[in-house]
Amino acid sequence: MLLGRPAVYVRGERAARHCQVLVGWGNKPSGVRARALAARLGVPALSLEDGFLRSVGGSADASAFSLCVDDLGIYYDASRESRLERQIARPLAPDEVRRAQALITGWRQARVSKYNGIRDTTVEPERQWVIVADQTAGDQSVIGAGASAGSCRQMLEAAIDAHPDADILVKAHPDVVAGRKRGYLEDLRGRYAGRIQLLSTPLHAPDVLEHAAAVYTVSSQLGFEALIWGVPVHTFGMPFYAGWGLTADHGAAAPPRRRSVTLAQLVHAALVDYAVYVDPETGLPCNVERVMEHIRLQRAMRARFAPHVHALGFSRRKRPILRRYFNGSEVTFGKPGRPVPASAGAVAIWGNRAVPPNAGHLQAIRVEDGFLRSAGLGAALVPPLSWVQDPRGIYYDATRPCALTDLLASSEFPPALLERASALRREVVARAISKYNLVSRADWKRPQTRKVVILVVGQVESDASLVYGSAPERPVRTNAALIEAVADAHPLAWILYRAHPDVANGYRSARGLPDHVERLVDETVDHASLDTLLSQVDAVHVMTSLTGFEALLRGVPVTTHGMPFYAGWGLTTDLAQGLRRPRQLTLDELVAGTLILYPTYVSGVSGQFTTPEQILRELESARASAAQGGQRGWAPRFLNRLFHSLSAMSGKDASAGDAG
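Residues 1 to 660 in the working numbering are what the sequence shown spells out, letter by letter.
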C-alpha cells in the first residue's frame, strides 16, 4: 500500500517476467537479487528501507509507518548515487523551506525519533555530555558508509581525546539494548573504564540529544537527528547526512556529487521527498506531518500512568482490552486482597469498586466506559472504542471529586480547543452518534399534538450512577419516581418513556412500572433511534443518564433530577439542591472537557490511541455494518442476563456507571 501498487512475492526469473517493477530490501540479499533480475529483464528496480520516522515501538514489535524508496541506490550506501542525494542537492522553493523549518520545530516539540516506544526520562547531567553512537555489528549502514569496526574504535578515541572534561556516553542501538544484536563498542568497555559510560538502559533519543554538546557517529541516524536538534555532529563514515557542509567529517572523503546545502534541504529531502508514509488508521498514503502527530499522541498517552499497573478484579474478557488502554505500561492482573507486586505504581479498578487495603498506598485508576463507546451494547460484548481512566474518582460519583469535574472546573479552554469542540459537536449531531449507536428497530414520528413532548429516560435502577449520583434530598431514584415527578410538574405534556437499552434488549432484568405509572406514559419508545427522538422532542428529563448530555449536544432543554457530571454548569435545569459548581460553562467548553480531554480512545482499526474524530468515523462505519448484518440473537442476551444475575448474587457491580 505504501507504494500504491499491488505486490506479489516472486522467486526466480520466470515468475518475475510479468512484473513491472522489482523490489528488494536495501543492500540485503533480496535487494541485490532484485536489482540483478531487473537488469536482466529490463524493468526498474526499487530498493526499500525503513523510513527515518518509522514507528512507535522497535523494529521487531511495531508496524512501520514509513519506507524509503530508491530507484537509484539506497541512502546508506555512499559508494553509489542514491535518489536521496539528488533530492538533498535540489534547491528548495520558499514554501518548501518554510515546511522544512516547521518540520524541524515540530520534530523537536513532538520529541519523536525513528523508534518511539521508550518513555521520556528526566535527566540532569552534572557535566557536559558527548554522545558516541554505537551501531549493530555488521550493519549495512556501516558497510555502506565505507566504515568498519576500526572506524568505530577511532570514533570513540577521538571523542575521548577531544573532550577530556566531558562525560562520554556510548549510546547503544535499540536492538542491542533489547538483546537481539551486538554492538561494535561493547568489548571496549574495560579498556576505557572510568572514561566512558555505556548507556545500556533504554533512553529516548531526544532525552539524550537535548543535553548533548556533540555527537560522534559512524553512520547512525542519531547523527541526522542531532542536526535537527542543533547539536554538532562528527562522522567517521559517510552517512547520507555527511559531506554536505553540515557535519565535521573524519572518515573517507565525500563523493564529488555532494556539495554544501542547508539543513532545510537535508530535512525536506529526507522527510518529505524520499520517504513515503502510510496513515496508521486508514492504511492510505499520507504525509510526514500526519505520522508525526500520530506518534506524538501515542507517546503522550503511553506515558500517562506508572510503568507497571496492577489490575484488580477484571474478567478474562476485559483483560486484552485493558492492555490496549494501558498501552505503554506493563499490566499484570490479580484479585482484590491478593498480594500486589512490589513494582506496581498504580492499580486499575473497574468503576467505583473499593480499593483493597493492601493497595491503598498506590494510585487508583478507575476505569469505565466512555461516552462514545461502540456500535452496540457493552452487555452484548461489543468491544469499547472509548474508556475513561480516572486517577481522582469516577465521573458518575457526585459524592467526591473526579478528573472530569476537575477539568471542567479549572481548565482554560483555548480558542483552538473550543473550535475543535464545536466541530466535534456538530459532527456528532450530523452523524447521529450516541454512546451505543444502536440500529433502530422502530420508526418514530412526533405525535400530532399541540402538547409539549417530553422524553423521560429510564436507567438500570441498580446502577452505580444512580447510587452515587442521586440527589440526597430528592426521592427520585427509580424510573417510576422519575415518571411521576415529570407528570406532576407537566400534567399537560405528552410523555415518552424510554427504558435503558440493556433492559429493552433483554440483557438486564428490571421490575416493570406499576400500573398507575404506566398510565402516565403516553408512549413507550424503547427501540426508536435516540437521535430521532432527540431531534423531535421538546425537552428531556433524566436522573443521571448520559442521554441528558447527548440532548445538550443537540440543543434540547434538559432537566436533571439527580447530579450527573454535566449538571450545575448553567446548561441544564437542575432540581437537585446540593449541586455546587465553581463556574458556568459554555456548551463547547463542556464538550471539550467531556469528549476531548477526559476519555481515552483506541481505534478499532489500528488498535492504537486515537482521537474522538476518528472514533466518530469508525462508529458510523460499524453501525452501518451492523444494520446490514442484523442484530444479535437470543444467546448473547441470555448469557449476559445470567452473568449479571450471578454478579448481583456475588455482590459485584457488573456495570457500574453504565448510565445509558
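Glycine is no exception: its CB is placed at the ideal position from the N, C-alpha and C atoms.
Subject >> Cβ pair Thr532, Ser440 closer than 9 Å >> reply: Indexing the sequence shown from 1 puts residue 532 at position 532. Indexing the sequence shown from 1 puts residue 440 at position 440. Contact: yes.
task = Compute the Euclidean distance between the alpha carbons of Pro475 and Ser411, then round it to the nearest angstrom.
result = If you number the sequence shown from 1, residue 475 lands on position 475. If you number the sequence shown from 1, residue 411 lands on position 411. Using only the alpha carbons, I get a separation of about 34 Å.
Rounding to the nearest angstrom, what Cα-Cα distance links Met543 and Met563 in this structure?
Within the sequence shown, the letter at position 543 stands for residue 543. Within the sequence shown, the letter at position 563 stands for residue 563. Rounded to the nearest angstrom, the two C-alpha atoms are 7 Å apart.
Pro174 lies in the alpha helix (DSSP H); which residues open and close that run?
-> The residue labelled residue 174 in the question sits at position 174 within the sequence shown. Element bounds for Pro174: Pro174 to Val177.
If Gly458 sits next to His500, beta carbons under 8 Å apart, how far is it from one beta carbon to the other, in whole angstroms? On the sequence shown, residue 458 is found 458 positions in, with the first residue counted as 1. On the sequence shown, residue 500 is found 500 positions in, with the first residue counted as 1. Right, their Cβ atoms sit about 5 Å apart.
- Message: Let's test the definition: count the other Cβ atoms within 10 Å of the Cβ of Ala162 and tell me whether it reaches 16, buried, or not, exposed.
- Response: Residue 162 sits at position 162 when you count from the first residue of the sequence shown. Classification for Ala162: exposed.
| query | Quick one: Cα of Ser79 to Cα of Val233, how far? | reply | Taking the sequence shown and counting its residues from 1, one reaches residue 79 at position 79. Taking the sequence shown and counting its residues from 1, one reaches residue 233 at position 233. Near 21 Å, if we compare the C-alpha coordinates of Val233 and Ser79.
query = From Arg632 to Ala380, what does the alpha carbon distance come to, in whole angstroms?
reply = Within the sequence shown, residue 632 is the residue found at index 632, counting from 1. Within the sequence shown, residue 380 is the residue found at index 380, counting from 1. With a pLDDT of only 47 at Arg632, under 50, the local geometry of the prediction cannot be trusted, and the value read off the model is given with reservation. Answer to the nearest angstrom: the Cα atoms are 8 Å apart.
Just to confirm the assignment, what range does the alpha helix (DSSP H) spanning Arg498 have? Translated into positions along the sequence shown, residue 498 becomes position 498. Careful: Arg498 lies outside any alpha helix (DSSP H), inside the beta strand (DSSP E) at Trp494 to Arg498.
Count the other CB atoms, across all protein chains shown, that sit within 10 Å of the CB of Thr572; report buried if there are 16 or more and exposed otherwise.
Walking along the sequence shown from the start, residue 572 turns up at place 572. Under this definition Thr572 is a buried residue.
| Pro401 to Ala576, Cα distance in whole Å? | Within the sequence shown, the letter at position 401 stands for residue 401. Within the sequence shown, the letter at position 576 stands for residue 576. Distance between the alpha carbons of Pro401 and Ala576: 17 Å.
Worksheet item: Looking at C-alpha atoms only, which residue of Asp397, Leu404, Leu438 and Ala253 is the closest neighbour of Val467?
Response: Here the question's residue 467 lines up with position 467 in the sequence shown. For the residues Asp397, Leu404, Leu438 and Ala253, the minimum Cα distance to Val467 belongs to Asp397.
Kindly list the residues whose CB is nearer than 6 Å to the CB of Leu417, restricted to its own chain and excluding five residues on each side of it in sequence; keep chain order. Within the sequence shown, residue 417 is the residue found at index 417, counting from 1. Excluding sequence neighbours, Leu417 sits near Ala592.
- Task: Would you kindly report the start and end of the unbroken beta strand (DSSP E) that includes Ala348?
- Result: As a working note, residue 348 is residue 348 in the sequence shown. Counting along the chain, the beta strand (DSSP E) containing Ala348 begins and ends at Ala346 to Trp350.
| Hey, how far is the Cα of Glu81 from the Cα of Leu72? | Within the sequence shown, the letter at position 81 stands for residue 81. Within the sequence shown, the letter at position 72 stands for residue 72. If I take the Cα positions, the gap works out to 7 Å.
- From the DSSP output, in three-state form, read off Pro612 for me. Within the sequence shown, residue 612 is the residue found at index 612, counting from 1. Correct three-state label for Pro612: helix.
First and last residue of the uninterrupted alpha helix (DSSP H) at Pro206 = As a working note, residue 206 is residue 206 in the sequence shown. It spans Ala205 to Leu209 - the alpha helix (DSSP H) in which Pro206 sits, taken as one unbroken run.
Original post:
Taking just the CA atoms, how far does Pro206 sit from Leu579?
Top reply: For the purposes of this step, residue 579 is identified with residue 579 of the sequence shown, where counting begins at 1. For the purposes of this step, residue 206 is identified with residue 206 of the sequence shown, where counting begins at 1. Leu579 and Pro206: Cα-Cα distance of roughly 46 Å.
Q. Pick from Phe371, Pro307, Gln128 and Asn327: whose alpha carbon is nearest that of Gly548?
A. Numbered from 1 along the sequence shown, position 548 holds the residue referred to as residue 548. The shortest Cα separation from Gly548 among Phe371, Pro307, Gln128 and Asn327 belongs to Phe371.
What's the C-alpha gap between Arg17 and Ala34?
Taking the sequence shown and counting its residues from 1, the one referred to as residue 17 is at position 17. Taking the sequence shown and counting its residues from 1, the one referred to as residue 34 is at position 34. About 12 Å.
- Under a three-way DSSP split, which group does Phe744 fall into? The first residue shown for the chain is 1 and the last is 660, placing residue 744 beyond what the model contains.
**Report entry** Alpha-carbon spacing of Arg296 relative to Ala567, whole angstroms
**Finding:** Counted from its first residue, the sequence shown places residue 296 at position 296. Counted from its first residue, the sequence shown places residue 567 at position 567. Looking at the two C-alpha atoms, the distance is approximately 34 Å.
Could you pull out every residue in the same chain whose Cβ sits closer than 6 Å to the Cβ of Asp522, ignoring the five residues on either side in sequence? Along the sequence shown, one-based indexing puts residue 522 at 522. Trp494 and Ile495.
Q. Helix, strand or coil: which one does DSSP assign to Ile321?
A. Position 321 of the sequence shown, counted from the start, is the residue given in the question as residue 321. The answer is helix: DSSP assigns Ile321 an H, G or I state.
**Prompt:** If we count the other Cβ atoms within 10 Å of its Cβ and call it buried at 16 or more, is Gln109 buried or exposed?
**Reply:** Within the sequence shown, the letter at position 109 stands for residue 109. Flag for Gln109 reads exposed.
Worksheet item: Under a three-way DSSP split, which group does Gln140 fall into?
Response: In the sequence shown, counting from the first residue as 1, residue 140 sits at position 140. Helix, per DSSP.
Span of the beta strand (DSSP E) holding Arg366?
Locating residue 366 in the sequence shown gives position 366, where the first residue counts as 1. Where Arg366 is concerned, the enclosing beta strand (DSSP E) stretches over Gln363 to Asp369.
For Leu597, which residues in the same chain have their Cβ closer than 6 Å to its Cβ, ignoring the five residues on either side in sequence? Taking the sequence shown and counting its residues from 1, one reaches residue 597 at position 597. Taken in chain order, the residues that qualify are Leu407.
*asked:* Tell me which residues share the same chain as Leu619 and place their Cβ nearer than 8 Å to its Cβ, disregarding the 5 neighbours each side in the sequence.
replied: Residue 619 sits at position 619 when you count from the first residue of the sequence shown. Excluding sequence neighbours, Leu619 sits near Leu372, Ser374, Ala375, Leu385, Arg431, Ile433 and Asn437.
Fill in: For Trp661, the three-state DSSP class (helix, strand or coil)
Given a span of 1 to 660 for the chain in the structure shown, any question on residue 661 remains unanswerable.
- Item | With 16 other Cβ atoms within 10 Å as the buried cut-off, status of Leu610 | Your numbering for residue 610 matches position 610 in the sequence shown. Checking the sequence, you will find Thr at residue 610 rather than Leu. So Thr610 counts as buried.
**Q.** Pick from Gln363, Val309, Pro285 and Val382 that is closest to Arg317, judged by C-alpha positions
**A.** Within the sequence shown, residue 317 is the residue found at index 317, counting from 1. Nearest of Gln363, Val309, Pro285 and Val382 to Arg317, Cα basis: Val382.
Problem - Bridge partner(s) assigned by DSSP for Gly183 - result: Here residue 183 refers to the residue found at position 183 of the sequence shown. Gly183 is bridged to Thr136.
Exercise for review: Rounded to whole angstroms, what's the CA-CA distance from Ala635 to Leu312? Just pull it up for me.
Suggested key: Taking the first residue of the sequence shown as position 1, residue 635 is located at position 635. Taking the first residue of the sequence shown as position 1, residue 312 is located at position 312. Confidence at Ala635 is low in this model, with a pLDDT of 45, below 50, so the placement of that residue should be treated as unreliable; the coordinate-derived value is given next. The straight-line gap from Cα to Cα measures roughly 28 Å.
- Query: Which first and last residues belong to the beta strand (DSSP E) in which Val558 is found?
  - Reply: By 1-based counting over the sequence shown, the position of residue 558 is 558. Unbroken beta strand (DSSP E) run through Val558: Val558 to Thr560.
The stretch 172-183 touching the stretch 231-251, judged by at least three CB pairs closer than 8 Å:
no
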